[in-house]
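Novice: Once you've had a glance at the structure underneath, I'll fire off some questions.
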Amino acid sequence: MVMILSCVPINQKVQAADYSTAGCVDWVKARASQIGVTLPPTGKNEYGLYGASAYWTNLPAQYQRGSEPKANALAIWKFSSNAAYKNYGHVAFVESVNGDTVTLTEGGLPSSYTYAGNTGVRLINISKNKISSSGGCSGFLGYVYLTSADTEPPVISNVQISDVNSEGYTVTCTVSDNVGVTSVKFPSWNIDIHGGGDAEWLEGSRNGNTFSVRVNIANLKSGAVQGYYATHIYAYDGAGNSSWENTNNGIPIFIDRTPPEISNIFVSDVTDTGYTVYCTVTDNTWINRVQFPTWTAYNEQDDIVADWATNSLCSGTADGDTYMYRVNISDHNYELGEYITHIYAYDSAGNFVKGIAPSQIIETGMGNLGDDENPGNPGDDEDPDNSGDPENPGNPEDPENPDNPGDPENPGNPGDGSNTGDSSNPGNTEDSSKPDNTVNGRPEDTEDSGDPEDAEQPAQTTCTITFDGNGGTNLSRRTITVRRNQMMGSMPSIQRKGYLFKGWYTERTGGVKMSYYTRATKSQTLYARWETVTKPKKAVITTLKKRGKGKFLVKYRKISGSDGYEICYSTSKKFKSSVKKSNTYSLSKTVKGLKKKKNYYVRIRAYKTDSTGSKVYGSYSKTKKVKV
470 MVMILSCVPI NQKVQAADYS TAGCVDWVKA RASQIGVTLP PTGKNEYGLY GASAYWTNLP
530 AQYQRGSEPK ANALAIWKFS SNAAYKNYGH VAFVESVNGD TVTLTEGGLP SSYTYAGNTG
590 VRLINISKNK ISSSGGCSGF LGYVYLTSAD TEPPVISNVQ ISDVNSEGYT VTCTVSDNVG
650 VTSVKFPSWN IDIHGGGDAE WLEGSRNGNT FSVRVNIANL KSGAVQGYYA THIYAYDGAG
710 NSSWENTNNG IPIFIDRTPP EISNIFVSDV TDTGYTVYCT VTDNTWINRV QFPTWTAYNE
770 QDDIVADWAT NSLCSGTADG DTYMYRVNIS DHNYELGEYI THIYAYDSAG NFVKGIAPSQ
830 IIETGMGNLG DDENPGNPGD DEDPDNSGDP ENPGNPEDPE NPDNPGDPEN PGNPGDGSNT
890 GDSSNPGNTE DSSKPDNTVN GRPEDTEDSG DPEDAEQPAQ TTCTITFDGN GGTNLSRRTI
950 TVRRNQMMGS MPSIQRKGYL FKGWYTERTG GVKMSYYTRA TKSQTLYARW ETVTKPKKAV
1010 ITTLKKRGKG KFLVKYRKIS GSDGYEICYS TSKKFKSSVK KSNTYSLSKT VKGLKKKKNY
1070 YVRIRAYKTD STGSKVYGSY SKTKKVKV
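For the sequence shown, my numbering begins at 470 and goes up steadily by one.
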């Protein structure tokens, strides 16, 4: 830090001016500029801070203060009861010190004081002891010693972008300066919607010479929308010098907010030990992981994998876009009954989507082997001669109601709660007089009745669901096969230009809507239900004005049901040439990069998006004009 020890004569360079009104600050600024020294930054109302005690106590670190006068220092007084100074305090410039005599110049005096051609300025010689009563203020704070002018800006280096996800990103950098860094700011904006003039200037946090900021895109003017974002870095030192750097080598940062898509969910390889879930997962970037949390209806989710969202134990195995996961009942306490599997697909930005696989009923398995409470069940190693429970042969324990050993009204029917038995054949139980005349605990049919509905015909265990597009196109799947009484799971996607898809229904008109959670009870056809996309109402521009050179700001009313707005502008009144269009989701937009001093004609219209992603536009607003 170099102190200036010599003075420049006042009348050489200070241009004559009026410093009588609130002029004490203006005077020391002019005097400091003349001799090439740097004043401390005020940070607030500059006409108040030089005399304020807050300014004195919060002086930047690169400046020193003291009680002894020195040449080229500021003499500062605090607030006083004097009506003329109580809101400001006072500051004077120390020209020289000679023994006990201090020579000051000060502004802010009546116009009757004129020194070196400057109105409201005087030069006085005063003793050190009497200086506390000078300036019309009651309390003298002391002196602030000024440094020579610093022209070297801060240096920004080691710029890094990290933790990019759907919510934002983190910017980190190193900033150094010969005097001292006072602040680092990170202006950030969505370049698809706004220009740099609409940036949010985020204040960085400091750790030594490292500065960082978390850019949460929800706090920017664009809001949390997918697109490209930019962040610049501005660093400031105590002398008022500044420098800036771009981030990411000037390449915009893409924020992905589109979740993956799950389709073609189906279950196969169903055995008494488990089943395999398959699905197709796609994404606009890349898939990070696909999780298959699974549990049983028995005791709710006591058997679900801990931390399933990240635990590799329930991660699927990828084969291209196809993911598979094997559910083993051994991982679920060998519980029987209904098994439920959900699917969560995560992309690299943290976006995720949920799918639901058709639930499965596991009716037999290792969970009922060697059941001490049901020794009649097959596979009892401790009593191999036990042929079973003659009053309830072959009826496995109901996992959802373990206290219910079976249907007491129909003891011969193993575990089928939907079939109460053949009332016309009450002998449909084990025939104790013919112990060999049984098949799996049911009487063997010794005579062919000739009935085409003979009991040897297997009952329907699956349902085939056929999908009718009902005018739609690009149907992703025409049929799915679901086990009876299981949830349908993922339904096909479909498109129809000019229409919104409302779901799958049991009838072309009317009927019942079917969804992920609907249980299939029979084979049937489902029909796509459509709703015509109506045009949005006519748009209305509420504000159109110049927003700096080559820019204009346009605002407009919100239109209910719209998905976005198209801004159309041209230098042609009838939009026959030089027509440009811009889409936005917000209710205002600053358009930049325009030709200066030109008239621009502006109109807007709202739009809705149909099931194909095409836009259905409303009428244009009235055309308005603005000169930029």
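Think of the CB as a built atom: it goes at the ideal place given N, C-alpha and C, for glycine as much as any other residue.
For clarity, every value in this text was computed on a predicted model and none was experimentally measured.
(1) Report the CB separation of residue 713 from residue 703 in whole angstroms; it is logged as a contact under 8 Å.
(2) What does the Cβ neighbour count give for residue 1003, buried or exposed, with the cut at 16 atoms within 10 Å?
(3) With distances taken from CA atoms, which of 536, 697, 632 is nearest residue 681?
(4) Using a beta-carbon distance below 8 Å, is residue 1025 in contact with chain B?
(5) Give every residue of the same chain whose Cβ lies closer than 7 Å to the Cβ of residue 509, excluding the five residues on either side of it in the sequence, and list them in chain order.
(6) Verify whether the separation of the beta carbon atoms of residue 689 and residue 672 is less than 8 Å.
(7) For residue 1098, which beta-bridge partners are listed by DSSP?
(8) In angstroms with no decimal places, state the Cα-to-Cα distance between residue 733 and residue 947.
(9) Considering only the beta carbon of each residue, do residue 723 and residue 746 sit closer than 8 Å?
(10) In its own chain, which residues sit with a C-beta less than 6 Å from the C-beta of residue 1008, not counting the 5 before and 5 after it?
(11) Hey, would you say residue 609 sits closer than 8 Å to residue 595, going by beta carbons?
(12) Are the beta-carbon atoms belonging to residue 635 and residue 663 less than 8 Å from one another?
(13) Can you give me the start and stop residues for the beta strand (DSSP E) that residue 739 sits inside?
(14) Can you give the Cα-Cα distance for residue 454 and residue 699, rounded to whole angstroms?
(15) Quick check on DSSP: helix, strand or coil for residue 777?
(16) For residue 1017, which option in 962, 737, 1066, 758 has the closest C-alpha, if you only look at C-alpha atoms?
(17) Between the C-alpha atoms of residue 696 and residue 933, what's the straight-line distance to the nearest angstrom?
(18) With distance defined between alpha-carbon atoms, name the residue in 935, 565, 784, 952 nearest to residue 829.
(19) Enumerate in chain order the residues of its own chain whose CB-to-CB distance from residue 1102 is below 6 Å, with the five nearest sequence positions on each side excluded.
(20) Anyone know if the C-beta pair for residue 820 and residue 726 falls short of 8 Å?
(21) When the distance is taken between beta carbons, is residue 589 closer than 8 Å to residue 577?
(22) What is the rounded straight-line gap between the Cα of residue 740 and the Cα of residue 831?
(23) Quick check on residue 600: does DSSP put it in helix, strand or coil?
(24) Among the residues of its own chain, which have a CB less than 8 Å from the CB of residue 684, if the five just before and after it don't count?
(25) Do you know offhand how far residue 660's Cα is from residue 719's?
(26) When DSSP labels each residue in this structure, what does residue 856 get in the three-state scheme?
(27) Identify the continuous alpha helix (DSSP H) that holds residue 1037 and give its terminal residues.
(28) Contact between the segment 803-818 and the segment 751-765 is defined here as three or more beta-carbon pairs at a separation below 8 Å; is this criterion met?
(29) Quick one: measure Cβ to Cβ for residue 809 and residue 766, integer angstroms, because I've assumed they're closer than 8 Å.
(30) Beta-carbon separation of residue 504 and residue 541 under 8 Å?
(31) Quick check: the segment 968-987 against the segment 1053-1072, are at least 3 beta-carbon pairs closer than 8 Å?
Specialist: So, to answer that:
(1) As a position in the sequence shown, residue 713 is number 244, starting the count at 1. As a position in the sequence shown, residue 703 is number 234, starting the count at 1. In this structure residue 713 is in contact with residue 703, their Cβ atoms being roughly 5 Å apart against a cut-off of 8 Å.
(2) Taking the first residue of the sequence shown as position 1, residue 1003 is located at position 534. In summary, residue 1003 is exposed, with fewer than 16 beta-carbon neighbours lying within 10 Å of its beta-carbon over all protein chains present.
(3) Within the sequence shown, numbered from 1, the residue matching residue 681 stands at position 212. That would be 632, whose Cα lies nearest to the Cα of residue 681.
(4) Reference to chain B is not applicable here, since this structure consists of a single protein chain.
(5) As a working note, residue 509 is residue 40 in the sequence shown. Closer than 7 Å at the Cβ level, and outside the excluded window around residue 509, lie 528, 529, 532, 613.
(6) For the purposes of this step, residue 689 is taken as residue 220 along the sequence shown, with counting starting at 1. For the purposes of this step, residue 672 is taken as residue 203 along the sequence shown, with counting starting at 1. Cβ atoms of residue 689 and residue 672: not closer than 8 Å.
(7) The chain is shown from 470 up to 1097; residue 1098 falls before or after that span and cannot be answered.
(8) Here residue 733 refers to the residue found at position 264 when the sequence shown is read from its first residue. Here residue 947 refers to the residue found at position 478 when the sequence shown is read from its first residue. Near 11 Å, if we compare the C-alpha coordinates of residue 947 and residue 733.
(9) The residue you call residue 723 lines up with position 254 of the sequence shown. The residue you call residue 746 lines up with position 277 of the sequence shown. No, the pair does not count as a contact, with Cβ atoms beyond the cut-off.
(10) Reading the sequence shown from its first residue, position 539 is the one you call residue 1008. Within the same chain, residue 1008 has close Cβ partners 1025, 1073, 1074, 1075, 1090.
(11) In the sequence shown, residue 609 corresponds to position 140, counting from 1. In the sequence shown, residue 595 corresponds to position 126, counting from 1. Going by C-beta atoms, residue 609 is not nearer than 8 Å to residue 595.
(12) Here residue 635 refers to the residue found at position 166 of the sequence shown. Here residue 663 refers to the residue found at position 194 of the sequence shown. Contact flag unset, no.
(13) Translated into positions along the sequence shown, residue 739 becomes position 270. It spans 730-740 - the beta strand (DSSP E) in which residue 739 sits, taken as one unbroken run.
(14) Nothing in the structure corresponds to residue 454, since the chain is present only between 470 and 1097.
(15) As a position in the sequence shown, residue 777 is number 308, starting the count at 1. Residue 777 falls in the coil class under three-state DSSP.
(16) By one-based count along the sequence shown, residue 1017 stands at place 548. Residue nearest to residue 1017 within the set 962, 737, 1066, 758 is 1066 (criterion: CA-CA distance).
(17) Within the sequence shown, residue 696 is the residue found at index 227, counting from 1. Within the sequence shown, residue 933 is the residue found at index 464, counting from 1. Taken atom to atom, the span from the alpha-carbon of residue 696 to that of residue 933 is near 42 Å.
(18) On the sequence shown, residue 829 is found 360 positions in, with the first residue counted as 1. From the listed residues 935, 565, 784, 952, the smallest Cα separation to residue 829 is found for 952.
(19) Absent from the structure is residue 1102, since the part of the chain shown begins at 470 and ends at 1097.
(20) Counting from one through the sequence shown, the residue named residue 820 turns up at place 351. Counting from one through the sequence shown, the residue named residue 726 turns up at place 257. Going by C-beta atoms, residue 820 is nearer than 8 Å to residue 726.
(21) Sequence index remark: in the sequence shown, residue 577 carries index 108 (1-based). Sequence index remark: in the sequence shown, residue 589 carries index 120 (1-based). Yes, Cβ-Cβ distance for residue 577 and residue 589 is below 8 Å.
(22) In the sequence shown, the residue the question calls residue 740 occupies position 271. In the sequence shown, the residue the question calls residue 831 occupies position 362. Straight-line spacing of the CA atoms in residue 740 and residue 831 works out to 8 Å.
(23) Taking the first residue of the sequence shown as position 1, residue 600 is located at position 131. When DSSP states are grouped into helix, strand and coil, residue 600 belongs to the helix group.
(24) What you label residue 684 is simply residue 215 of the sequence shown in a count that begins at 1. If we look at residue 684 and ignore the five residues flanking it on each side, its Cβ neighbours are 637, 638, 639, 640, 655, 657, 671, 698, 700.
(25) Counted from its first residue, the sequence shown places residue 660 at position 191. Counted from its first residue, the sequence shown places residue 719 at position 250. Counting only the Cα atoms, residue 719 lies some 12 Å from residue 660.
(26) Position 387 of the sequence shown, counted from the start, is the residue given in the question as residue 856. Low confidence applies here, because residue 856 scores a pLDDT of 38, under 50, leaving its location unreliable; read the following figure in that light. Coil, per DSSP.
(27) The count along the sequence shown starts at 1 and reaches residue 1037 at position 568. Looking at the DSSP string, residue 1037 is not in any alpha helix (DSSP H); the run it does join, the beta strand (DSSP E), is 1033-1039.
(28) These segments touch.
(29) Against the sequence shown, residue 809 aligns to sequence position 340. Against the sequence shown, residue 766 aligns to sequence position 297. That belief holds up - the Cβ atoms of residue 809 and residue 766 are roughly 7 Å apart, short of 8 Å.
(30) Walking along the sequence shown from the start, residue 504 turns up at place 35. Walking along the sequence shown from the start, residue 541 turns up at place 72. The beta carbons of residue 504 and residue 541 sit closer together than 8 Å.
(31) Too few Cβ pairs lie closer than 8 Å, so no.
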